[in-house]
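Notes follow once the structure below has been shown.
Protein chains: 2
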Amino acid sequence: MSKDRPYSALVHRLKTAGLRPTRQRLALAKLLFESPGGDDRHITAEQLHAEALGESVRVSLATVYNSLHQFTEAGLLREVVVEPGRSYFDTNVSDHHHFYFEDSGELQDIPGEHVQMESLPAAPAGTRVARVDVIIRLSGD
Amino acid sequence: MSKDRPYSALVHRLKTAGLRPTRQRLALAKLLFESPGGDDRHITAEQLHAEALGESVRVSLATVYNSLHQFTEAGLLREVVVEPGRSYFDTNVSDHHHFYFEDSGELQDIPGEHVQMESLPAAPAGTRVARVDVIIRLSGD
DNA sequence: TCAACGAATTAGAATAGTTCTAATGTGTAG
DNA sequence: CTACACATTAGAACTATTCTAATTCGTTGA
Ligand SMILES: [Mn+2]
Ligand SMILES: [Mn+2]
Ligand SMILES: [Zn+2]
Ligand SMILES: [Zn+2]
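Here the protein sequences line up with chains S and R, keeping their order. So for the first sequence, this note's numbering puts the first residue at 1; every next one is plus one. So for the second sequence, this note's numbering puts the first residue at 1001; every next one is plus one.
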């Protein structure tokens, strides 16, 4: 279909999401989605910024935040809040839940089938369920 | 049993928790646990501080934070994080989950029986489950 | 190809929630 | 009552995040 460079799939992904494929967004998307384990990363804005700088991708922290939020709105990422002042962006947008290791601050996926709710209560009138977050908090032994 | 003033039950509650019943802790505990609906309040530190000042209880914000954390450690409160930079303290420490109204920022209890997990995955070796948080995020219509 | 324009990026300031510091005050055991 | 550990406090500090307004870039269509 396309004879483009390695970025071609990402370019398409961003365009489809209504986002211009800028140098910064492409580089961040590459780090997010095409690293080893890219379909299950849990990363903070500061971590991604550091990672970019480490790869000599020049991008500001403000742009990292902007991009992460835009990717989230576009459904490419999912935001998971675990502590006040600590939120992760998750490259796995399928239906799943999380272990949170309180000691190390790490998040780990739990496949969706392993936690099932029976009888989710109905959303109150005038609202719809935007998301259901299940976080199993773990502490050391 | 006791012929003490209205604070007597609270004094006992704090002492049992290993906390000295100081003027500030008593006043905050009274606001938290003896308001109408005191077994189901979801309040932030700043809200509680404002409430205290409104009742002419002189207490610093630092003490409000200290007390909320101490109460939480003692099992009198439970902390619920809903957004980066927004955490609530919940006077309902029984097993239950929450609706979060994204528009208004309010939290509402869902009785424990109304959400049941089947087959919670086992905690990874070397860890124990400290808590399971279920937050159903609602957005307007 | 390129001008024009709206969109994106940026540095740095600003904000908000929370925690820290170190000086002062208070509850309680003896 | 005294002494001392514990608690409170004002304000500074800190951290994650958002904002601002100046600059740069991507796209489109002539
Ligand atoms: Mn956000
Ligand atoms: Mn806390
Ligand atoms: Zn995940
Ligand atoms: Zn609750």
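Quick reminder that beta carbons are idealized off the backbone N, C-alpha and C, glycines included. All figures in this text were calculated on a predicted structure; none of them were measured in a lab.
Contact check for residue 1128(R) and residue 133(S): beta-carbon distance about 21 Å, past the 8 Å limit, so the pair fails to qualify. Relative to ligand 3, residue 86(S) has its C-beta separated by 8 Å or more from all heavy atoms. Environment of ligand 4, chain-ordered: 1042(R), 1090(R), 1092(R), 1096(R), 1098(R) and 1109(R), taking every residue with Cβ within less than 6 Å of a heavy atom. For residue 1089(R), DSSP records a beta bridge to 1043(R) and 1079(R). In this structure the region 1080-1095 of chain R touches the region 77-90 of chain S; the number of beta carbon pairs closer than 8 Å is three or more. Within its own chain, the residues whose Cβ lies closer than 6 Å to the Cβ of residue 32(S), once the five positions on either side in sequence are excluded, are 91, listed in chain order.
DSSP links residue 140(S) through a beta bridge to 1127(R).
At a cut-off of 9 Å between beta-carbon atoms, residue 123(S) makes contact with chain R.
Residue-level contact by beta carbon fails for residue 36(S) and chain R, as no gap is shorter than 9 Å.
Taking residue 1063(R) as the centre and dropping the five residues before and after it, the same chain places the C-beta of 1024 closer than 7 Å to its C-beta, in chain order. Between residue 29(S) and residue 59(S) the beta-carbon gap is near 12 Å, outside 8 Å, which marks them as no contact. In the same chain as residue 1034(R), and ignoring 5 residues on each side of it, the C-beta atoms closer than 8 Å to its own belong to 1010, in chain order. Looking at the DSSP output, residue 1106(R) sits in a beta bridge with 1101(R). Residue environment: residue 8(S) is assigned as exposed (fewer than 16 neighbouring CB atoms within 10 Å of its CB, all protein chains considered). In this structure, ligand 3 has a non-hydrogen atom nearer than 8 Å to the beta-carbon of residue 80(S). By a beta-carbon distance limit of 8 Å, residue 135(S) contacts residue 98(S). Their separation comes to about 5 Å. Around the beta carbon of residue 93(S), fewer than 16 other beta carbons sit within 10 angstroms, so the residue counts as exposed. Residue contact check for residue 1072(R) against chain S: no CB pair falls below 9 Å. In the structure shown, residue 57(S) falls within a coil segment according to DSSP collapsed to helix, strand and coil. If you look at residue 32(S), you'll find it in the alpha helix (DSSP H) that goes 23-33.
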